[in-house]
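Novice: Heads up: the protein sequence lines correspond to chains F and G, in order.
Mind the numbering: the first sequence is residues 7 to 211 in our numbering, read in order.
Mind the numbering: the second sequence is residues 31 to 203 in our numbering, read in order.
Here's a structure for you.
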Amino acid sequence: MKIPKAKKRSGVKIDMTPMVDVIMLLLTFFMLTATFKAAESEAVSVNLPKSVNTDSVKIPAEDVMTILIDTDGDVFVDVDNYNVREKVFGNKFGMGLWHVDSTSQTSKQISPAPEVEGAYRLETGGSVRIVKLLNRESFEKTLIDLRLTLKNMTEGKSDFRIVVKGDRNAEFGVIEDLMAALKETRNTRFSLVTIIESEKEAQEE
Amino acid sequence: MAGGGFDAPETGGGRGKKKKSKVKTGVHIDMTPMVDVIMLLLTFFILTTTLSAPQVMQINLPRGKEEDKVKVDMGNVLFIRVSDKGNIYFSKGNSDGTEQRPELIVFEKMKPKLEQIYNANNDLMILLKFDRKMKYEKMIDVLDEINRSKIERRYTFLPMEQPDKDIVISAGG
């Protein structure tokens, strides 16, 4: 009896349960750690510079004021709080655009927005953002307004942290003007976002 | 658990399908399709997760007003000027208010040079003067190099003015 049984070709059954358990764990891990970019993602894509040393501080998760600098010399100011956006920019998808060089205008494709007076529509990567054109003076005012609005809404409990995301090919002049504006509005603490690069990589370059 | 409602009487000598259905066996659910789907999800999440999470470099600008300027002994000052081409020039200040000739520093040599200068003078104060036409990346590189060096991080940004540009140009641009 035993010999025919051994020869009998039965489908080998591997118990997949442990594997499924492990995979489920991995899946849960990746699902929880995945940071979804907000639907109306970043206004402009910036190529972040690399650095070896950082203060090992991650970008704060909420109450972030993001200042984006692109290669055209445009500075975007955006916050992650819809209500603050609505109050300051008049629209939930509003943000500010400051073209640093006052002698020229932004080269972005913008068209007047019917929703908000004096604002423009900026189509970026499939989504539409309402931008308010700012100059140096109104940019500084906006910075103050944004922070005050959030402070008033939360009764002073939270405050924006400023994160600067500059394109690596942006001109320093733009950063210099931005820093001057930040300093003027007493925003003397801010963070420059970089992509971390290991010591080894840096040496190889 | 499953098939609990069945009464499975022992029918002796029974063979074939009839017996199989009646015998209490652990119900085997074919997990293959589920595993397939889970694998797909897993792959998706692994691929979309950004591993090189961006980090930040903290910058603190002096809070004071323009009027209350801090007097610094020129002897402790190190000027780092970066030209529009991205060339880095170091020049040390002298106590009498003048400054030494600018020295072109290769980027790789910046860190040891900084440490050497700092070891000679622990009150070192770095004044950064970057050309407006310079790339932002270069600024990060220079700051990164200062942060990496084993020196006290005391630096401040100053605008690059015409005399600075002249100094840089006379040293080679």
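For glycine and all other residues, C-beta sits at the position ideal for the given N, C-alpha and C.
It should be emphasised that the depicted structure is a prediction, and the values quoted were computed from it without experimental measurement.
Apply the 10 Å Cβ neighbour rule to Asn89 of chain F and answer buried if 16 or more other Cβ atoms are within range, or exposed otherwise.
Specialist: Asn89 of chain F comes out exposed.
Novice: Against chain F, does Thr186 of chain G count as a neighbour if the rule is that its beta carbon must be under 8 Å from one of theirs?
Specialist: Cβ-Cβ to chain F under 8 Å: no for Thr186 of chain G.
Novice: Under 8 Å between the Cβ atoms of Ile181 of chain F and Ile75 of chain F?
Specialist: In contact: Ile181 of chain F and Ile75 of chain F (Cβ atoms closer than 8 Å).
Novice: Measure from the alpha carbon of Leu144 of chain G to the alpha carbon of each residue in G:Ile181, G:Tyr166 and G:Val136, then state which is nearest.
Specialist: For the residues G:Ile181, G:Tyr166 and G:Val136, the minimum Cα distance to Leu144 of chain G belongs to G:Ile181.
Novice: What does DSSP give as the partner residues of Gln88 of chain G in its beta bridges?
Specialist: F:Ser197, per the DSSP bridge assignment.
Novice: Classify Arg91 of chain F as helix, strand or coil using the three-state DSSP reduction.
Specialist: Arg91 of chain F: helix per DSSP, three-state reduction.
Novice: Where does Val180 of chain F fall in DSSP's three states?
Specialist: Correct three-state label for Val180 of chain F: helix.
Novice: Tell me, which residues are paired with Pro132 of chain G by DSSP?
Specialist: DSSP, once it has assigned bridges, lists no residue as partnering Pro132 of chain G.
Novice: What is the residue span of the beta strand (DSSP E) that Pro66 of chain F lies within?
Specialist: No beta strand (DSSP E) contains Pro66 of chain F, which DSSP labels as neither H nor E.
Novice: Verify the CB distance criterion: does Ile89 of chain G have a CB-CB separation below 8 Å to chain F?
Specialist: For Ile89 of chain G, the answer is yes, since a Cβ of chain F falls inside 8 Å of its Cβ.
Novice: Given that Thr194 of chain F touches chain G, what residues does it touch there, using C-beta distances under 8 Å?
Specialist: Those are Asn90, Leu91, Pro92 and Arg93, listed as they occur along chain G.
Novice: So, helix, strand or coil for Met140 of chain G, using DSSP?
Specialist: DSSP places Met140 of chain G in helix when its eight states are reduced to three.
Novice: Closest by CA to Gly56 of chain G, which one among F:Asp21, F:Phe35, F:Val26 and F:Ala40?
Specialist: The shortest C-alpha separation from Gly56 of chain G is found at F:Asp21.
Novice: What residues from chain F crowd round Tyr166 of chain G, counting only those whose CB sits closer than 8 Å?
Specialist: Neighbours of Tyr166 of chain G on chain F, chain order: Pro55, Ile75, Gly172, Asp173, Arg174, Asn175, Ala176, Glu177, Phe178, Val180 and Ile181.
Novice: Give the list of continuous beta strand (DSSP E) stretches no shorter than 3 residues that lie fully inside the segment 70-157 of chain F.
Specialist: The qualifying runs are 70-75, 80-85, 100-105, 116-118, 125-130 and 133-140.
Novice: Only counting runs of 3 or more residues, tell me where the beta strand (DSSP E) segments fall wholly within the segment 165-202 of chain G, in order along the chain.
Specialist: List check, beta strand (DSSP E) in window: 185-189.
Novice: With Met22 of chain F as the anchor, note down where its alpha helix (DSSP H) starts and where it stops.
Specialist: Premise fails: Met22 of chain F is in no alpha helix (DSSP H) and is neither H nor E.
Novice: Output the boundary residues of the beta strand (DSSP E) element that contains Val65 of chain G.
Specialist: Per DSSP, Val65 of chain G belongs to no beta strand (DSSP E); it is in the alpha helix (DSSP H), Thr62 to Thr78.
Novice: Return the bridge partner residues of Phe109 of chain G from the DSSP annotation.
Specialist: Per DSSP, G:Ser121 and G:Leu157.
Novice: If I'm right that Arg174 of chain F touches Lys165 of chain G with Cβ under 8 Å, what's the distance once you round it to whole angstroms?
Specialist: Their Cβ separation, rounded to whole angstroms, is 7 Å, which keeps Arg174 of chain F and Lys165 of chain G in contact under 8 Å.
Novice: Given this structure, state the Cα-to-Cα distance separating Val212 of chain F from Thr148 of chain F, to the nearest angstrom.
Specialist: Nothing about residue 212 of chain F can be read from this structure; chain F reaches only from 7 to 211.
Novice: Could you say which of F:Arg167, F:Ala176, F:Glu177 and F:Ile202 lies nearest to Ile89 of chain G if we only look at CA atoms?
Specialist: Among F:Arg167, F:Ala176, F:Glu177 and F:Ile202, the Cα nearest to that of Ile89 of chain G is on F:Arg167.
Novice: Going by Cα to Cα distance, which pick from F:Val81, F:Phe178 and F:Leu33 is closest to Val50 of chain F?
Specialist: For the residues F:Val81, F:Phe178 and F:Leu33, the minimum Cα distance to Val50 of chain F belongs to F:Val81.
Novice: For Asn59 of chain F, which residues in the same chain have their Cβ closer than 7 Å to its Cβ, ignoring the five residues on either side in sequence?
Specialist: Taken in chain order, the list of residues that qualify is empty.
Novice: For the beta strand (DSSP E) that Lys171 of chain F lies in, which residues bound it at each end?
Specialist: Here the beta strand (DSSP E) through Lys171 of chain F covers Arg167 to Gly172.
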